[in-house]
Amino acid sequence: MLGDSEWFVDLAESENVSAAARRLHISQPTLSRMLARLERELGTPLFDRHGKRLALNDRGRIFLTHARRARAELEAARHQIADLVDPVEGTVHLSFLHSFGVRLVPQLIGDFRREARVAFTLTQDAAETIVDHVRVGDADLAIVSPRPAGTDVVWAPLLRQRLGLAVPGDHRLAGRSEVSLGEVSEEPFVSMAQGFGMRRILEELCAEADFRPDITFESSELGTVAGLVGAGLGVAVLPIEDAPQIPVSVTVIPLAGSRTWREIGIVWQRDRPLSPAAARFRDFVVARSQPE
583 MLGDSEWFVD
593 LAESENVSAA
603 ARRLHISQPT
613 LSRMLARLER
623 ELGTPLFDRH
633 GKRLALNDRG
643 RIFLTHARRA
653 RAELEAARHQ
663 IADLVDPVEG
673 TVHLSFLHSF
683 GVRLVPQLIG
693 DFRREARVAF
703 TLTQDAAETI
713 VDHVRVGDAD
723 LAIVSPRPAG
733 TDVVWAPLLR
743 QRLGLAVPGD
753 HRLAGRSEVS
763 LGEVSEEPFV
773 SMAQGFGMRR
783 ILEELCAEAD
793 FRPDITFESS
803 ELGTVAGLVG
813 AGLGVAVLPI
823 EDAPQIPVSV
833 TVIPLAGSRT
843 WREIGIVWQR
853 DRPLSPAAAR
863 FRDFVVARSQ
873 PE
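Structure follows, in structure tokens:
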């Protein structure tokens, strides 16, 4: 039987017996009986009834505060007991780009956790920032693109992602199978802000095409960049894979040329030994790499 602190939090947050019963995998009548029993024990209703709808009252809010605290304590106890039964083999402090949280990093961690009971702390930020986390010791490893400058960190390539030019659906180039950046050199660009990997990639690609982009909007999220393109506010360079949900008003055309990919790699501090857990995760990720 579920403890009161566990089922009550779900019910109080939803204020709906049917929805809470589904989440708790119990029947609606069973949950109703549990609530009636608890209210009898406390000697007061915890919800105001409006037909079939529940509304948490002031006594219920008091109980909810303590129930949340009790549930957190129970969860902490479960983790501590699990660690005694099957100890965690260390913690990996991992930093990565926001866009890698869509598929790449969850897949790597999920596959690794099937082999090792290792804990993770995760940090997402701009490329320059997450590499700095490694340099100062706030992170063991960072998954980043493009390759950072300097020799104080070690870089191991993992894979490459094709890049494309994002344009509004009614753009003159929208029907093309490939496009070169030089064809949009006179158009406004939407870009990631300074310090982000895709900003550096854009500037390097434009320099190779012999123009400087007119950046009219900047963002810290690829999804926002895509949305601004869809609103007709410019064009942008985006990764075709692991990109945010592309609005239906946006077309992404593969880039033509010799450098049409972004390289993704994992970095660690050259002169600082990794913990056994971090070294094991690094070796696991590198062994799965698919650089071309």
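Counting from 583, one number per residue, gives the positions in the sequence shown under this note's numbering. Positions of the beta carbon are idealized from the N, C-alpha and C atoms, including for glycine. Since this is a predicted model, take the numbers as computed values, not measurements.
Item: First through last residue of the beta strand (DSSP E) which encompasses V849; Value: 843-851
Item: Integer Cβ distance of E671 from A859, believed to fall under 8 angstroms; Value: 6 angstroms
Item: Cα-Cα separation, L635 to E597; Value: The sequence shown places Arg at residue 635, rather than the Leu named in the question. Using only the alpha carbons, I get a separation of about 7 angstroms.
Item: Buried/exposed call for T833, threshold 16 Cβ in 10 Å; Value: buried
Item: Segment limits, beta strand (DSSP E) that includes A637; Value: 635-638
Item: Beta-ladder partner(s) of G746, from DSSP; Value: L820, P836
Item: Among R699, A791, F682, the one whose alpha carbon lies nearest that of Q743; Value: F682
Item: Distance, F590 Cα to L656 Cα; Value: 14 angstroms
Item: Cα-Cα separation, C788 to A658; Value: 52 angstroms
Item: V582 - containing beta strand (DSSP E), residue span; Value: Past the boundaries of the shown model lies residue 582; the chain is included only from 583 to 874, so the question cannot be answered.
Item: Bounding residues of the beta strand (DSSP E) (the contiguous stretch that carries D556); Value: Because residue 556 is not part of the residues shown, which for the chain are 583 to 874, the question remains open.
Item: Reference E823, options G816, G814, G812, L804, closest by Cα; Value: L804
Item: CA-to-CA distance, V761 to A701, given in whole angstroms; Value: 44 angstroms
Item: Whole-number beta carbon distance between V766 and V735, since they are thought to touch under 8 angstroms; Value: That pair is no contact at about 34 angstroms.
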